[in-house]
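Written out below as structure tokens is the structure these notes cover.
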Amino acid sequence: MRIGILIILIIMKAVVVLSQKDKLKKFGIEDNDVPKGLMVGEKAPLFTGIDQNGSTFDLRSQLKKSSVVLIFYRGYWCPVCSKYLKSYVDSAELVTEKGATLLFITPEAEDGVEKTIKKNKLNYTVVLDKDESIMKAFDVDFEVTRGYQKKIKTFLFADIAKNNNKETAILPVPATFIIDQSGTVVYRQFDLNYKNRASIREIVENLPE
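Position 191 of the sequence shown, counting from 1, maps to 316 under this note's numbering, and the rest follow consecutively.
Right under this line is the structure:
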């Protein structure tokens with residue numbers, strides 16, 4: 126009897142593990158490369174990066190002036206990203222009126238960023254994470270599975286690695302972090318399902334006073 130129960134439990138566990146692997150692969154993530162994202166209460170890495178205008182963005186310097194809403198996005202080719210970027214642009218004043226700064230981070234190369242800005246009328250700072258160091262520091266990066274890369278090429282006509290000007294296709298979980306002026310993460314929206322994003326309402330409600 127006990128052996129029978131044990132066998133059933135082992136089978137159930139195996140089914141759950143396989144189900145989790147399938148779910149991850151659906152989003153282009155291998156089960157041995159699952160990002161976790163910075164947690165609320167942790168200090169944000171004080172990075173510098175080059176924006177779409179070739180200017181240097183320094184997070185440490187910006188935090189002396191305001192809190193920062195940091196949003197990772199995947200690329201111009203991603204229709205879900207475009208949908209949310211447009212909603213952020215349309216409602217950005219709700220964020221900036223409370224004294225916060227909107228900042229977008231992407232692994233896209235210059236050509237892709239230019240398309241994103243033009244497509245979504247994005248008039249805010251976009252930092253190009255060319256060496257993927259910012260994504261790594263926030264623990265949102267992952268190497269895209271070959272199957273998912275093929276899917277994007279087939280249905281969205283985009284080569285992820287080529288769009289990022291890289292040999293390897295790396296993407297971020299499209300997470301949102303709110304960083305207060307002390308450099309602490311006070312809010313995060315992090316979901317391996319790229320279709321789930323932070324709403325403007327959630328962002329505004331969690332902005333530091």
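Glycine included, every Cβ here is placed at the ideal spot set by N, Cα and C.
Quick caveat: nothing in here was measured; it's all calculated off a predicted structure.
Cβ separation of Tyr312 and Asn331, assumed to be a contact under 8 Å, to the nearest whole Å: Here residue 312 corresponds to residue number 187 of the sequence shown, with the count starting at 1. Here residue 331 corresponds to residue number 206 of the sequence shown, with the count starting at 1. Correct: roughly 4 Å between the Cβ atoms.
Inter-stretch contact at 8 Å, needing at least 3 Cβ pairs: the segment 244 to 251 / the segment 265 to 279: no
Cα-Cα separation, Thr250 to Phe229: Counted from its first residue, the sequence shown places residue 250 at position 125. Counted from its first residue, the sequence shown places residue 229 at position 104. It is roughly 6 Å from the alpha-carbon of Thr250 to the alpha-carbon of Phe229.
Cβ neighbour criterion (16 or more within 10 Å) applied to Met164: Taking the sequence shown and counting its residues from 1, one reaches residue 164 at position 39. By the neighbour-count rule (16 or more Cβ atoms within 10 Å), Met164 is not buried but exposed.
Assigned exposure category for Glu233 - 16 Cβ within 10 Å defines buried: Against the sequence shown, residue 233 aligns to sequence position 108. Glu233 comes out buried.
Three-state class that DSSP yields for Val265 in the structure shown: What you label residue 265 is simply residue 140 of the sequence shown in a count that begins at 1. Coil at Val265, not helix or strand.
From Thr301, Val159 and Ser324, residue whose alpha carbon lies closest to that of Ala169: For the purposes of this step, residue 169 is identified with residue 44 of the sequence shown, where counting begins at 1. Of the listed residues, the one whose Cα sits closest to Ala169 is Thr301.
Ser207 and Ile304 closer than 8 Å at C-beta: Taking the first residue of the sequence shown as 1, we reach residue 207 at position 82. Taking the first residue of the sequence shown as 1, we reach residue 304 at position 179. Going by C-beta atoms, Ser207 is not nearer than 8 Å to Ile304.
Ile295 versus Glu218: straight-line alpha-carbon distance, rounded: Here residue 295 refers to the residue found at position 170 of the sequence shown. Here residue 218 refers to the residue found at position 93 of the sequence shown. Their Cα atoms are separated by approximately 31 Å.
Sheet register partners of Gln314 (DSSP bridge): Locating residue 314 in the sequence shown gives position 189, counting from the first residue. Answer is Thr301.
Buried/exposed call for Gln314, threshold 16 Cβ in 10 Å: One-based indexing of the sequence shown puts residue 314 at position 189. With 16 or more Cβ atoms within 10 Å of its Cβ, Gln314 is classed as buried.
Of the listed residues Ser186, Ile196 and Leu184, nearest to Asn321 (C-alpha basis): Residue 321 sits at position 196 when you count from the first residue of the sequence shown. Out of Ser186, Ile196 and Leu184, Ile196 has the C-alpha closest to the C-alpha of Asn321.
Proximal residues to Met260 (C-beta, below 8 Å), its chain only, five neighbours per side dropped: Residue 260 sits at position 135 when you count from the first residue of the sequence shown. Result list for Met260: Phe197, Ile230, Pro232, Asp254, Asp266, Ile295 and Pro297, in chain order.
Buried/exposed call for Phe282, threshold 16 Cβ in 10 Å: Position 157 of the sequence shown, counted from the start, is the residue given in the question as residue 282. The residue is exposed, with fewer than 16 neighbouring Cβ atoms inside 10 Å.
Length at least 4, wholly inside the segment 148 to 219: the alpha helix (DSSP H) runs in chain order: 184 to 188 and 204 to 215
Candidates Gln145, Ser307, Glu167 and Ala225: closest to Val329 by CA position: For the purposes of this step, residue 329 is identified with residue 204 of the sequence shown, where counting begins at 1. Closest by alpha carbon: Ala225.
Cβ distance (whole Å) where Ile175 is taken to contact Val252 below 8 Å: Translated into positions along the sequence shown, residue 175 becomes position 50. Translated into positions along the sequence shown, residue 252 becomes position 127. Contact holds; Cβ gap of about 7 Å.
DSSP bridge partner residues for Val252 (one or two, in chain order): Taking the sequence shown and counting its residues from 1, one reaches residue 252 at position 127. DSSP lists Asp176 and Ile230 as partners of Val252.
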